[in-house]
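Engineer: Mapping of the sequence shown onto the working numbering: position 287 corresponds to residue 287, and the numbering continues sequentially without gaps.
Please find one structure pasted underneath; my questions will follow.
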Amino acid sequence: MRRSRGRHAEESWQRPGRRGRMGRMTLTVGVLGTGIMGAAMARNLLKAGHTVRVWNRSQDKAAPLAADGAEVAATPADAVKDADVVLTMLYDGGAVREVMASAAGAVPNGAIWVQSTTVSLEDVDRLAEQAEERGLVFFDAPVLGTRQPAEAGQLTVLAAGPADSREAVTPVFEAVGARTVWLDQPGEATRLKLVANSWVLALTHAGAETLSLAEALGVDPDKFLQLIEGGPLDNGYLRTKLGLTRGDKLSPASFAVNTAEKDARLIAEAGRSHGVRLDLVEAGAERFRRATEQGHGDKDMAATYYASFDK
Ligand SMILES: NC(=O)c1ccc[n+]([C@@H]2O[C@H](COP(=O)([O-])OP(=O)(O)OC[C@H]3O[C@@H](n4cnc5c(N)ncnc54)[C@H](OP(=O)(O)O)[C@@H]3O)[C@@H](O)[C@H]2O)c1
Numbered sequence: 001m002r003r004s005r006g007r008h009a010e011e012s013w014q015r016p017g018r019r020g021r022m023g024r025m026t027l028t029v030g031v032l033g034t035g036i037m038g039a040a041m042a043r044n045l046l047k048a049g050h051t052v053r054v055w056n057r058s059q060d061k062a063a064p065l066a067a068d069g070a071e072v073a074a075t076p077a078d079a080v081k082d083a084d085v086v087l088t089m090l091y092d093g094g095a096v097r098e099v100m101a102s103a104a105g106a107v108p109n110g111a112i113w114v115q116s117t118t119v120s121l122e123d124v125d126r127l128a129e130q131a132e133e134r135g136l137v138f139f140d141a142p143v144l145g146t147r148q149p150a151e152a153g154q155l156t157v158l159a160a161g162p163a164d165s166r167e168a169v170t171p172v173f174e175a176v177g178a179r180t181v182w183l184d185q186p187g188e189a190t191r192l193k194l195v196a197n198s199w200v201l202a203l204t205h206a207g208a209e210t211l212s213l214a215e216a217l218g219v220d221p222d223k224f225l226q227l228i229e230g231g232p233l234d235n236g237y238l239r240t241k242l243g244l245t246r247g248d249k250l251s252p253a254s255f256a257v258n259t260a261e262k263d264a265r266l267i268a269e270a271g272r273s274h275g276v277r278l279d280l281v282e283a284g285a286e287r288f289r290r291a292t293e294q295g296h297g298d299k300d301m302a303a304t305y306y307a308s309f310d311k
């Protein structure tokens with residue numbers, strides 16, 4: 001089977017994985033980044049019977065995965081040696097470039113690189129080039145869903161990569177997600193992800209501002225929720241985020257304020273470079289920055305609520 005990637009990869013590539021019990025394909029997966037999302041994805045890969053090696057910059061976040069059966073690696077290179085698939089789930093494109101630069105030499109030629117970190121459009125191109133240089137099969141594969149769906153293996157994976165490698169990578173997506181949306185070219189998945197996140201961020205800020213306004217005007221927030229109940233303006237996401245804020249349950253975060261600010265800036269940049277003014281996204285990024293300045297950077301992004309107030 002021929003693959004569209006570097007010459008060396010084509011020469012050396014073999015179908016990855018082994019048939020495990022029940023005839024299921026099991027893979028060796030190197031997971032780089034075991035934060036909120038990466039740790040949950042690694043656990044689900046283990047549950048699906050794959051061999052998983054994990055690495056994280058702060059070792060304390062990777063170490064607990066040993067109890068789930070993961071091999072905890074001291075370096076990114078140790079995590080990816082012999083890997084059929086490398087999964088990157090780091091903070092941003094800069095972190096991915098840096099970590100893969102130190103790991104890539106150890107990845108077997110022809111291995112698949114599933115890049116799930118939310119990165120900029122420019123970063124996707126650079127990472128795809130980095131993969132090509134190393135003879136790796138690149139999947140631009142950001143995910144939709146937060147901590148709880150990640151823990152439950154219910155993410156939606158947006159996957160753009162070579163069609164003839166879909167079958168080989170499917171066991172990974174099936175382990176971490178409930179649904180895979182296949183797209184063709186690297187970059188297409190990140191475009192869709194940025195569009196989806198612009199909607200999520202807008203809802204988050206709208207809910208937070210509505211709550212802060214209600215409180216400032218002496219309106220019981222429950223009255224507002226009753227007003228919209230069951231109608232076209234009602235929204236499960238709004239209710240969840242308001243519940244977290246009102247119940248003082250913003251820690252631990254599902255999606256932290258500082259990560260959300262990073263995403264907002266990526267979206268604003270994508271809009272600017274494509275001639276679109278995204279005023280709400282820009283204002284939202286500033287709300288996240290203020291919330292971080294106020295000491296809420298590690299809390300759930302619903303903590304944009306605090307940015308409504310001067311202190
Ligand atoms: N949380 C969500 O709901 C969600 C949903 C979909 C997509 N995402 C995206 O998924 C990615 C991970 O998000 P997360 O929520 O899991 O974030 P997180 O918990 O903050 O994890 C970020 C990870 O990146 C690592 N990292 C940061 N900078 C690094 C650097 N310079 N070098 C090496 N490692 C570095 C962190 O290591 P340390 O532990 O050492 O800091 C940590 O492992 C982000 O791109 C985010 O936008 C998140």
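C-beta: ideal position from N, C-alpha, C; glycine also.
Can you give the Cα-Cα distance for T117 and H296, rounded to whole angstroms?
Structural biologist: 22 Å
Engineer: Go ahead and label W55 buried or exposed: buried means 16 or more other beta carbons lie within 10 angstroms of its beta carbon, across all protein chains shown.
Structural biologist: buried
Engineer: Please determine if the region 225-239 and the region 265-273 are in contact, where contact requires at least 3 C-beta pairs separated by less than 8 Å.
Structural biologist: no
Engineer: Return the bridge partner residues of I112 from the DSSP annotation.
Structural biologist: V85 and V137
Engineer: Between R239, G247, F288 and L250, which lies nearest to K345 when the distance is taken from Cα to Cα?
Structural biologist: Nothing in the structure corresponds to residue 345, since the chain is present only between 1 and 311.
Engineer: Please state whether the Cβ-Cβ distance between L155 and V176 is less than 8 Å.
Structural biologist: Between L155 and V176, the C-beta gap is smaller than 8 Å, which places the two residues in contact.
Engineer: Using the beta-carbon count (16 or more within 10 Å), is K311 buried or exposed?
Structural biologist: exposed
Engineer: Is the CB-CB distance between A97 and E71 below 8 Å?
Structural biologist: The sequence given here has Arg at residue 97, not Ala. Contact flag unset, no.
Engineer: Could you check where the alpha helix (DSSP H) with R272 kicks off and where it finishes?
Structural biologist: For R272, the enclosing alpha helix (DSSP H) starts and ends at V257 to S273.
Engineer: Among residues of its own chain, excluding the 5 on either side of T34, which ones have a beta-carbon nearer than 7 Å to its beta-carbon?
Structural biologist: By the criterion of a C-beta distance shorter than 7 Å, T34 is surrounded in its chain by A42, V54, N56, K61, A62 and L65, once the five residues flanking it on both sides are discounted.
Engineer: Taking all protein chains shown into account, do 16 or more other C-beta atoms lie within 10 angstroms of the C-beta of T146, making it buried, or fewer, making it exposed?
Structural biologist: buried
Engineer: Measuring only the C-alpha atoms, how far is V99 from D222?
Structural biologist: 47 Å
Engineer: Going by DSSP in three states, G177 sits in which element: helix, strand or coil?
Structural biologist: Strand at G177.
Engineer: For the putative contact between A256 and D298, defined by C-beta atoms under 8 Å, what is the C-beta separation to the nearest angstrom?
Structural biologist: Between D298 and A256 the Cβ distance is about 6 Å, and since that is below 8 Å, they are a contact.
Engineer: Could you give the DSSP three-state label for R53: helix, strand or coil?
Structural biologist: strand
Engineer: Give the secondary structure of G30 by DSSP, where H, G and I count as helix, E and B as strand, and everything else as coil.
Structural biologist: strand
Engineer: Just to confirm, are D84 and I112 a CB contact at a threshold of 8 Å?
Structural biologist: yes
Engineer: Answer yes or no: do T180 and V119 have a C-beta to C-beta separation smaller than 8 Å?
Structural biologist: Cβ distance not < 8 Å, so T180 and V119 don't count as in contact.
Engineer: Rounded to a whole number of angstroms, what is the C-alpha to C-alpha distance between D125 and D248?
Structural biologist: 40 Å
Engineer: How is the alpha helix (DSSP H) around T204 delimited, first residue to last?
Structural biologist: Secondary structure note for T204: its alpha helix (DSSP H) is the uninterrupted segment E188 to A216.
Engineer: Can you tell me which of E122, A150, P108 and A141 puts its alpha carbon nearest to the alpha carbon of E133?
Structural biologist: P108
Engineer: Tell me T156's beta-bridge partners as DSSP assigns them.
Structural biologist: L144 and R179
Engineer: Would you identify the three-state DSSP class for D220, choosing helix, strand or coil?
Structural biologist: coil
Engineer: Figure out for me which residue from R272, G187 and T88 has the closest Cα to the Cα of D123.
Structural biologist: G187
Engineer: Comparing alpha-carbon positions, which option in A283, S251, E286 and A216 lies nearest I36?
Structural biologist: S251
Engineer: Ligand 1 and V99: does any heavy atom of the ligand fall closer than 7 Å to the residue's C-beta?
Structural biologist: yes
Engineer: Return yes when the C-beta of Y91 is under 7 Å from any heavy atom of ligand 1, and no when it is not.
Structural biologist: yes
Engineer: Looking at ligand 1, does it come within less than 7 Å of A189, judged from the CB to the closest heavy atom?
Structural biologist: no
Engineer: Below 8 Å on the Cβ atoms is my guess for L225 versus Y305; work out the distance and round it to an integer in Å.
Structural biologist: 15 Å between Cβ atoms; not a contact.
Engineer: Considering only DSSP beta bridges, list what E71 is partnered with.
Structural biologist: R53
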